[in-house]
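What follows is a short report on a single structure.
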Amino acid sequence: MRRPVRTALRHIFLVLGGLVSLFPFYWMLVLASRPSSAIYKYPPVLTPGDRLGENIRTITDKINIWAAMANTALVAVTVSVLVLLISSLAAFAFAKFDFPGRKVLFAVVLATFLLPTQLATIPQFVLMSKIGWVGDLKAVIVPSLASSFGVFWLRQYATNAIPKELLEAATLDGCGFWRQYAHVCVPIIRPAMAFLGIFTFIGSWNDFMWPLIVLNDPSKLTLQVALSQLKTAHGTDYGMLMASSLIAVVPLLLVFAIGAKQLIAGISEGAVKS
Numbered sequence: 001m002r003r004p005v006r007t008a009l010r011h012i013f014l015v016l017g018g019l020v021s022l023f024p025f026y027w028m029l030v031l032a033s034r035p036s037s038a039i040y041k042y043p044p045v046l047t048p049g050d051r052l053g054e055n056i057r058t059i060t061d062k063i064n065i066w067a068a069m070a071n072t073a074l075v076a077v078t079v080s081v082l083v084l085l086i087s088s089l090a091a092f093a094f095a096k097f098d099f100p101g102r103k104v105l106f107a108v109v110l111a112t113f114l115l116p117t118q119l120a121t122i123p124q125f126v127l128m129s130k131i132g133w134v135g136d137l138k139a140v141i142v143p144s145l146a147s148s149f150g151v152f153w154l155r156q157y158a159t160n161a162i163p164k165e166l167l168e169a170a171t172l173d174g175c176g177f178w179r180q181y182a183h184v185c186v187p188i189i190r191p192a193m194a195f196l197g198i199f200t201f202i203g204s205w206n207d208f209m210w211p212l213i214v215l216n217d218p219s220k221l222t223l224q225v226a227l228s229q230l231k232t233a234h235g236t237d238y239g240m241l242m243a244s245s246l247i248a249v250v251p252l253l254l255v256f257a258i259g260a261k262q263l264i265a266g267i268s269e270g271a272v273k274s
């Protein structure tokens, strides 16, 4: 009798936790479909209204949100794919190959965790300005490709996940580095790569400060920078702001829904293997 009670309590707790987690998204939908004054009402309005379409039209009149979404998608997808490629190659080399300076180089990678990201803002901007990339999406993409977290995460996973004997057998079969990477390493570390890919995509999609600094062409703005233009000194239209936030968060929810299984597998297996 005690076990069914525990199971029921666990399910109730999970349902309540899920409702608490989902409520902010529902509240965003409610405010996105109502006028700005709805946020000040007491008791609060808890049902969606009929102004979602009007708020979205107001957004499109003020900013080119669809172009900004396309720019952001281009940046996020490009950064995610290249970070996965670069980080997995470096991680495979650090985990399974003995070469001169390996420990020193990996120590340098770890040392970068001690440096705040903001420390590189001015030098990076000066560099982007010197090579003429200011105002171009390349200035957002390229500095994001060096992911010390990605190298560390995949290296920790690959160290224990890839058997040494499997690599030795592949070598005996005539497989060089690239074939070992493509046919041995990548299939084994795929869960960890899925986690890193989703993590990187979300980070790139939500990035605000660096794109704000280097992008000055209205046609090249990313989504977060474009949305910041909706706030004015004369006040904020919260209905419009919530509608824009809803538009911005939908792609992230889709990415998470598609990759949730791999994401959870990557986190859990990575924790065990680390």
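The opening position of the sequence shown corresponds to residue 1 in UniProt numbering, with each subsequent residue numbered one higher.
Beta carbons are placed, not taken as given, at the ideal position from N, Cα and C, and that holds for glycine.
- For the 9 Å CB-CB criterion, Ser148 and Thr121 do not form a contact.
- Judged by DSSP in its simplified three-state form, Asp61 adopts helix.
- Counting C-beta pairs with one atom in each stretch, the stretch 210-225 and the stretch 19-34 have fewer than three that are closer than 8 Å, which means they do not touch.
- Closest in C-alpha terms to Thr72, from the list Val255, Val225, Lys41, Thr117, comes Val225.
- Cβ-Cβ separation between Leu167 and Val184: approximately 6 Å, consistent with a contact (criterion under 8 Å).
- Tyr238 sits in a helix when the DSSP states are folded into three classes.
- No residue range can be given for Ala146, since it is assigned to no alpha helix (DSSP H) and is classified by DSSP as neither H nor E.
- A contact between stretches requires three or more CB pairs, one per stretch, nearer than 8 Å, and the stretch 244-257 meets this requirement with the stretch 60-74.
- Here the alpha carbon of Val142 sits roughly 49 Å from the alpha carbon of Thr7.
- Taking C-beta atoms as the reference points, Gly150 and Ile198 fail to come closer than 9 Å.
- The residue from Ala169, Arg155, Trp205 with its alpha-carbon nearest to that of Val186 is Arg155.
- Under the 8 Å Cβ criterion, the stretch 190-197 counts as touching the stretch 77-88, having at least three qualifying pairs.
- With a beta-carbon spacing of about 18 Å, Ala169 and Ile189 fall beyond the 8 Å limit used to define contacts.
- Separation of the CB atoms of Val140 and Pro211 is rounded to 5 Å, and the pair is thereby assigned contact status at 8 Å.
- The three-state secondary structure of Lys138, taken from DSSP, is helix.
- Contact annotation: Thr47 and Val30 have beta-carbon atoms nearer than 9 Å.
- Rounded to the nearest angstrom, the Cβ distance from Leu223 to Ala248 is 6 Å, consistent with a contact under 8 Å.
- The continuous alpha helix (DSSP H) containing Gln124 extends over residues 121-130.
- Look at Gln229 here: in three-state DSSP terms it is coil, with no helix or strand label.
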